[in-house]
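Going by my numbering, 120 is the number at position 101 of the sequence shown; the sequence numbering is gapless.
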Amino acid sequence: MKQARYMVWGSVGAGKTSLIDALSDTATNTARKTQMIDYRGMAIDTPGEYAERGHLRRHLQTTSVDVQVIVVVVDATSPETRFPPHYFLMFSQPVIGIVNKIDIASDADVEQATRLLRQIGVVGDIFYVSATTGTGLGLLKEKLLNYLQ
Numbered sequence: 020m021k022q023a024r025y026m027v028w029g030s031v032g033a034g035k036t037s038l039i040d041a042l043s044d045t046a047t048n049t050a051r052k053t054q055m056i057d058y059r060g061m062a063i064d065t066p067g068e069y070a071e072r073g074h075l076r077r078h079l080q081t082t083s084v085d086v087q088v089i090v091v092v093v094d095a096t097s098p099e100t101r102f103p104p105h106y107f108l109m110f111s112q113p114v115i116g117i118v119n120k121i122d123i124a125s126d127a128d129v130e131q132a133t134r135l136l137r138q139i140g141v142v143g144d145i146f147y148v149s150a151t152t153g154t155g156l157g158l159l160k161e162k163l164l165n166y167l168q
């Protein structure tokens with residue numbers, strides 16, 4: 020039987036790798052740049068460049084076939100996302116949204132990030148977290164484990 024996994028999508032700098040590190044209790048102070056699709060235990064980490072370039076997204080789509088849940092991360096301090104409208108409606112798996120970096124974002128930024136997630140087709144739960152401070156990670160971790168059982 021295949022290992023249950025979740026896949027993390029998002030633009031460059033959204034905090035995907037930091038989020039995975041924080042969820043798996045392997046957080047370090049060293050910034051890392053994900054260069055390729057990286058299988059890390061229950062998580063699949065993806066390069067932000069794949070999300071930002073349409074011709075590379077197909078690799079993410081293919082990899083996502085065997086995951087139980089897709090996690091879309093947006094940076095609360097960024098006013099845009101690189102995904103087209105309704106993009107995530109094509110997936111049969113649950114798609115949940117993560118607004119990351121809430122520790123350095125304004126309330127208006129967080130609201131804008133939430134709207135962006137809905138516009139790109141995230142119809143599932145949205146979690147508000149800071150991978151740096153750990154805010155909101157407990158509830159997110161609990162929800163992910165429920166999807167993976």
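C-beta atoms are modelled at their ideal positions from N, C-alpha and C, and glycine is treated no differently.
Three-state secondary structure (DSSP) of residue i
i      : result
Ile109 : This sequence places Met at residue 109; Ile is not what is there. Met109 falls in the helix class under three-state DSSP.
Asp122 : coil
Arg77  : helix
Gly153 : coil
Ala127 : helix
Gly67  : helix
Ala23  : coil
Ala62  : strand
Asp40  : helix
Val86  : coil
Residue burial classification, residue i (beta-carbon count within 10 angstroms, cutoff 16)
i      : result
Ala127 : exposed
Tyr58  : exposed
Leu165 : According to the sequence displayed, residue 165 carries Asn and not Leu. By the 10 Å Cβ count, Asn165 comes out exposed.
Leu75  : exposed
Pro104 : exposed
Val84  : exposed
Lys35  : buried
Residue(s) in a DSSP beta bridge with residue i
i      : result
Asp144 : Bridge partners of Asp144: none, in fact.
Gly32  : Paired residue(s): none; Gly32 is not in a bridge.
Ile115 : Val90
Length of the line joining the Cα atoms of residue i and residue j
i      : j      : result
Leu163 : Tyr25  : 8 Å
Val31  : Val92  : 10 Å
Thr45  : Phe110 : 29 Å
Val118 : Gly60  : 23 Å
Ala33  : Gln168 : 27 Å
Quick one: any contact between the stretch 121-137 and the stretch 78-90, if contact means 3 or more CB pairs under 8 Å?
no
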